[in-house]
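Comments concern the structure below.
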Amino acid sequence: MDYKKKTFPIDDIIKHAKLANFQLRDGMDFLYVSFFVERYANVLKFSDKDIDLLHDELVDYIILEDTDIPQSVWEEVKLQGNNDDTNAKRIRMDVIVAHLSGMTAPGSNSLQFPQLSRVLQLIIIPHSNA
Numbered sequence: 718m719d720y721k722k723k724t725f726p727i728d729d730i731i732k733h734a735k736l737a738n739f740q741l742r743d744g745m746d747f748l749y750v751s752f753f754v755e756r757y758a759n760v761l762k763f764s765d766k767d768i769d770l771l772h773d774e775l776v777d778y779i780i781l782e783d784t785d786i787p788q789s790v791w792e793e794v795k796l797q798g799n800n801d802d803t804n805a806k807r808i809r810m811d812v813i814v815a816h817l818s819g820m821t822a823p824g825s826n827s828l829q830f831p832q833l834s835r836v837l838q839l840i841i842i843p844h845s846n847a
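Using our numbering, the first residue of the sequence shown is number 718, and each one after it goes up by one.
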């Protein structure tokens with residue numbers, strides 16, 4: 718049992734995966750990001766400069782307003798069956814992450830979340846319907 722928890726600490730992964738929940742972004746700090754950066758360092762291969770950019774991107778992610786996401790994206794992310802109160806806040810985060818991955822920084826042609834998108838995709842893609 719200890720081997721299983723050490724090899725695949727599902728509780729820690731679930732706890733830190735809250736990072737990918739756009740609706741919970743206000744309560745995020747860099748510990749959520751660093752968990753995945755450290756755990757999957759061999760996949761992400763971030764440099765020190767990338768980590769610095771990731772800090773800035775997380776701040777930008779936290780201060781995003783719902784209105785920064787186009788209405789067409791919000792219509793696409795709603796899960797079917799979301800008419801009752803129990804599912805009212807369930808959305809397809811893979812669609813949000815895909816949108817964030819393509820967002821450009823205000824006044825620029827460069828991507829706004831290039832590093833953060835990689836971390837979010839690491840969380841979302843293995844658990845999507847893809």
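Glycine included, each C-beta is placed from N, C-alpha and C at the ideal position.
Keep in mind the model is a prediction, meaning the values are calculated, not measured.
Alpha carbon of residue 840 to alpha carbon of residue 737, nearest angstrom: Near 7 Å, if we compare the C-alpha coordinates of residue 737 and residue 840.
Whole-angstrom distance between residue 777 and residue 791, CA atom to CA atom: 19 Å
Where residue 762 falls: helix, strand or coil (DSSP): coil
Buried or exposed (CB count within 10 angstroms, at least 16 for buried), residue 807: exposed
Integer Cβ distance of residue 753 from residue 836, believed to fall under 8 Å: Yes, they are in contact, since the Cβ atoms of residue 753 and residue 836 sit about 5 Å apart, within 8 Å.
Test item: CB-CB of residue 832 and residue 771 under 8 Å: yes
Nearest to residue 822 (by Cα), restricted to the options 773, 812, 732: 773
Helix, strand or coil at residue 786 [DSSP, three-state]: coil
Distance, residue 813 Cα to residue 783 Cα: Pairing residue 783 with residue 813, the inter-Cα distance amounts to about 11 Å.
Distance CB(residue 735)-CB(residue 749) smaller than 8 Å: yes
Residue 760 burial status per 10 Å Cβ neighbour count (16 or more: buried): exposed
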